[in-house]
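Novice: Have a look at this one.
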Amino acid sequence: MASFKAHSVLPGFNLALGFTLLYLSLLVLIPLSSLFFKTATLGWDGFWEVATGDRVLASLRVTFVASFAAAVLNAIFGLVVAWVLVRYTFPGKRLVDALVDLPFALPTAVAGITLAMLYAPNGWIGHYFAEHDIKIAYTPLGIVVALTFIGLPFVVRTVQPVLADVEAEIEEAAASLGANRWDVFRRVIFPSIYPALLTGFALAFARSIGEYGSVIFIAGNMPFISEIAPLLIVAKLEQYDYAGATAIALVMLLISFALLLAINGLQWWSNRREIR
Amino acid sequence: MMSLPQPLINNRKIATHESKAVTLLLITVALSYLLLFLGIPLFAVFYEALGKGWALYWTALQDPDAWSAIELTLIAAAIAVPANLVFGVATAWAIAKFEFRGKSVLITLIDLPFAVSPVVSGLIYVLLFGAQGWFGPWLQEHDIKLIFAVPGIVLVTVFVTFPFIARELIPLMQAQGKDEEEAAVSLGASGWQTFWRVTVPNIKWGLLYGVILCNARAMGEFGAVSVVSGHIRGMTNTIPLHVEILYNEYNFVAAFSVASLLALLALVTLLAKSIVEIKVKRNGNRLPHGETE
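Chains as they are written, first to last, in numbering that gives the first Met the number 0: chain Y, 0 to 275; chain B, 0 to 292.
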């Protein structure tokens with residue numbers, strides 16, 4: 000015990016850590032391990048066959064492409080929003096700032112039905128596009144819309160504090176050395192917020208990969224075209240194909256782990272740059 | 000109307016501020032984006048709910064199925080939030096006040112439920128407790144039903160909201176350090192006295208912040224609950240699942256009426272969150288969120 004934990008005069012370590020580990024194991028670790036054990040019943044060949052099935056690969060492609068597109072949109076516009084919220088003042092700014100968190104607070108099913116209604120060919124927003132023969136709801140574009148909504152706060156909230164910390168002196172120094180505003184942004188400000196921007200992008204992307212509730216209403220859910228991977232898991236479950244559902248779930252879980260590691264790495268890099 | 004940042008030296012373009020035109024352009028772009036993706040959808044929920052009049056709105060909300068969905072949602076949140084509150088405080092106490100090996104691994108493991116797709120969260124409980132699951136045969140023998148029943152819904156709700164409170168408290172308590180607690184203990188306070196009189200007053204806002212976020216997710220969770228619920232009307236439907244059923248029946252007014260309750264919950268959540276943030280700033284404490292940590 001002595002080597003495992005440094006000495007402390009405070010009580011309660013055993014109780015607190017013991018309870019933590021018990022709760023974590025019972026609710027998270029043991030349930031998650033069932034994915035590995037259930038997939039193991041398929042055997043490697045069985046797993047590979049499910050994981051590389053045409054419909055599975057198509058759904059993963061739809062999920063990835065839409066998540067990537069939504070995360071790129073949010074990286075660009077999220078940066079503008081963060082910039083505006085940090086640097087400028089305008090009436091109602093506090094309200095706007097609070098509203099940015101709406102996608103965290105609004106249940107995904109509500110977002111899903113509302114966006115589906117708005118972007119349908121006869122919807123408030125959708126009919127403008129329908130005039131130009133562009134369908135958004137019930138196509139892959141609809142998925143991008145839903146995922147953009149879901150991922151909106153991530154970039155704003157990661158970039159905002161870092162941008163606020165950029166010191167005015169550095170900008171003034173660059174200006175006094177003859178840089179124009181665009182140079183200052185490109186060569187002084189952007190490099191310091193770049194890691195945070197990338198972290199926000201990765202967080203939005205990771206969240207989008209697993210998203211279900213907001214997407215299924217607007218996607219149309221056509222196999223091979225607008226069917227996302229989480230929906231395919233549900234479809235397999237409804238056919239009582241538990242092993243098949245689990246195999247896809249395991250693939251998604253491994254992707255999530257990889258993204259989680261990448262995000263931790265990004266945040267470590269970002270913090271290190273801030274300290275320096 | 001808009002108070003734009005004033006250049007330090009008038010009539011001269013300087014490189015520390017944007018021109019008025021660029022400023023206006025950026026504000027317009029940002030606000031249009033937020034209006035398109037946040038403002039219009041939020042307005043649309045209430046418009047669709049109330050557009051056909053209050054009478055229809057009330058009828059939709061008085062439906063017994065809607066009521067049982069509300070009841071189940073409240074039950075799930077009433078169990079999940081306190082459970083994760085106790086867990087969050089215990090975990091943060093162990094992690095923030097003590098040095099031990101494997102701490103960073105533990106922090107990563109706590110975040111796991113956030114990395115998992117809601118659908119997968121539901122699936123793992125089906126694999127454990129469903130009819131085909133590990134404990135399925137045993138549960139059937141003892142006539143216990145977890146999946147496609149209320150306990151399953153409560154379990155997945157606990158799972159998806161698992162990290163919220165711990166995640167707010169860990170950085171907050173780490174930043175506060177352990178000096179105050181050590182002083183209390185060395186002056187003769189017992190462990191519980193120290194916790195209630197020193198730690199709790201210090202973390203109350205962070206705690207509240209975590210509870211608000213945890214509650215919003217507990218009441219709004221859709222994917223995970225959908226997998227384990229079985230969608231039995233009046234029995235195992237939460238508010239979000241009830242919204243789905245109404246919507247799929249093309250009963251749009253009712254769907255948006257019930258959805259408006261969840262939208263109200265979201266607005267209350269945002270308001271409470273902003274109030275806590277203002278309080279924390281005023282008290283000169285750190286933001287509980289630790290911002291990018």
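Cβ coordinates follow ideal geometry from the N, Cα and C atoms, glycine included.
Closer than 6 Å to a non-hydrogen atom of the ligand MN - does that hold for the CB of Lys-134 of chain Y?
Specialist: This structure simply doesn't include the ligand MN, nor any ligand for that matter.
Novice: Is it buried or exposed for Leu-28 of chain Y, if we count other Cβ within 10 angstroms and need 16 for buried?
Specialist: It is exposed - the Cβ of Leu-28 of chain Y has fewer than 16 other Cβ atoms within 10 Å.
Novice: If you compare alpha carbons, which of B:Pro-136, B:Lys-177, B:Arg-281 and B:Ala-59 is closest to Leu-260 of chain B?
Specialist: B:Ala-59
Novice: Using a C-beta cutoff of 7 Å, does Arg-100 of chain B count as contacting chain Y?
Specialist: Yes, contact with chain Y.
Novice: Measuring only between beta-carbons, confirm whether Tyr-246 of chain B sits less than 7 Å from chain Y.
Specialist: yes
Novice: Thinking just about the alpha-carbon of each residue, which of Y:Asp-96, Y:Ala-15, Y:Leu-176 and Y:Trp-47 is nearest to the one in Phe-99 of chain B?
Specialist: Y:Ala-15
Novice: Under 7 Å between C-beta atoms, does Glu-48 of chain Y make it to chain B?
Specialist: Using beta-carbon distances, Glu-48 of chain Y does not count as an interface residue toward chain B, since no partner is under 7 Å.
Novice: Quick one: does Pro-40 of chain B have its CB under 7 Å from some CB of chain Y?
Specialist: yes
Novice: Sort B:His-241, B:Leu-23 and B:Pro-150 by Cα distance to Ile-231 of chain B and report the nearest one.
Specialist: For the options B:His-241, B:Leu-23 and B:Pro-150, the alpha carbon positioned closest to that of Ile-231 of chain B is the one of B:His-241.
Novice: Within its chain, find whatever has a CB closer than 7 Å to the CB of Leu-168 of chain B; leave out the 5 residues flanking it on each side and keep chain order.
Specialist: Cβ neighbours of Leu-168 of chain B beyond the five flanking positions: Gly-87, Val-88, Ala-91, Ile-202, Gly-205, Leu-206 and Gly-209.
Novice: Within 10 Å of its beta-carbon, does Phe-35 of chain Y have 16 or more other beta-carbons around it, so buried, or fewer, so exposed?
Specialist: exposed
Novice: For Tyr-32 of chain B and Phe-76 of chain Y, I'd like the C-alpha separation in whole angstroms.
Specialist: Going from the Cα of Tyr-32 of chain B to the Cα of Phe-76 of chain Y covers about 7 Å.
Novice: Taking any Cβ of chain Y, which residues in the stretch 220-251 of chain B have a Cβ under 7 Å from it, in chain order?
Specialist: Phe-221, Gly-222, Val-226, Pro-239, Val-242, Glu-243 and Tyr-246
Novice: Note down the Cα distance separating Pro-287 of chain B from Val-99 of chain Y, rounded to an integer number of angstroms.
Specialist: A caution first: Pro-287 of chain B carries a pLDDT of 48, below 50, which makes its placement in the model unreliable, though a value can still be read off. Roughly 18 Å separates the two Cα atoms.
Novice: Is Lys-272 of chain B helix, strand or coil when you go by DSSP?
Specialist: helix
Novice: The alpha helix (DSSP H) with Gln-139 of chain B in it runs from where to where?
Specialist: 135-140
Novice: Which value, in whole angstroms, describes the spacing of the CA atoms of Pro-90 of chain Y and Leu-140 of chain Y?
Specialist: 33 Å
Novice: Would Tyr-211 of chain Y be called buried (16 or more neighbouring beta carbons within 10 Å of its own) or exposed?
Specialist: buried
Novice: Suppose the cutoff is 7 Å on Cβ atoms and the five residues either side in sequence are ignored; what does the same chain contact list for Asn-83 of chain B look like?
Specialist: Val-157, Thr-160, Phe-161, Phe-163, Ile-164 and Cys-213
Novice: Is the CB-CB distance between Val-79 of chain Y and Val-21 of chain B below 7 Å?
Specialist: no
Novice: In chain order, what residues of the same chain lie with their CB nearer than 6 Å to the CB of Trp-181 of chain Y, ignoring the 5 residues before and after it?
Specialist: Nothing meets the Cβ criterion.
Novice: Give me the DSSP bridge partner(s) of Lys-4 of chain Y.
Specialist: Lys-4 of chain Y pairs with B:Phe-99.
Novice: So Phe-153 of chain Y and Asn-73 of chain Y are supposed to be a Cβ contact under 8 Å. How far apart are they, rounded?
Specialist: 7 Å
Novice: Have a look at His-16 of chain B and Tyr-87 of chain Y and give me their C-alpha separation to the nearest angstrom.
Specialist: Using only the alpha carbons, I get a separation of about 10 Å.
Novice: Taking a contact to mean a Cβ-Cβ separation below 7 Å, would you say Thr-38 of chain Y touches Ala-246 of chain Y in this structure?
Specialist: Yes; because the gap between Cβ atoms is below 7 Å, this pair is in contact.
Novice: On the DSSP letters alone, give me the boundaries of the alpha helix (DSSP H) that Asp-100 of chain Y sits inside.
Specialist: Per DSSP, Asp-100 of chain Y belongs to no alpha helix (DSSP H) and is neither H nor E.
Novice: Are at least three pairs of beta-carbons, each pair with one atom in the stretch 165-176 of chain Y and one in the stretch 115-123 of chain Y, less than 8 Å apart?
Specialist: no
Novice: Could you tell me whether the Cβ of Ser-207 of chain Y comes closer than 7 Å to any Cβ of chain B?
Specialist: no
Novice: Over the uninterrupted alpha helix (DSSP H) stretch that includes Pro-200 of chain B, give me the two end residues.
Specialist: 199-219
Novice: Do you know offhand how far Gln-266 of chain Y's Cα is from Gln-173 of chain B's?
Specialist: 18 Å
Novice: Note down the Cα distance separating Ser-44 of chain B from Phe-255 of chain B, rounded to an integer number of angstroms.
Specialist: Per the sequence presented here, residue 44 of chain B reads as Val, with Ser not at that position. Rounded to whole angstroms, Val-44 of chain B to Phe-255 of chain B spans 6 Å at the Cα level.
Novice: Are the C-beta atoms of Ile-277 of chain B and some chain Y residue less than 7 Å apart?
Specialist: No, Ile-277 of chain B lies away from the interface with chain Y (no Cβ there is under 7 Å from its Cβ).
Novice: Since Thr-72 of chain B contacts Met-218 of chain B with CB under 8 Å, what's their CB separation in whole angstroms?
Specialist: Indeed they touch by this definition, with Cβ atoms about 5 Å apart.
Novice: Return the first residue and the last residue of the alpha helix (DSSP H) that Met-221 of chain Y is part of.
Specialist: Here Met-221 of chain Y belongs to no alpha helix (DSSP H), and DSSP marks it neither H nor E.
Novice: From what residue to what residue does the alpha helix (DSSP H) around Val-119 of chain B run?
Specialist: 117-128
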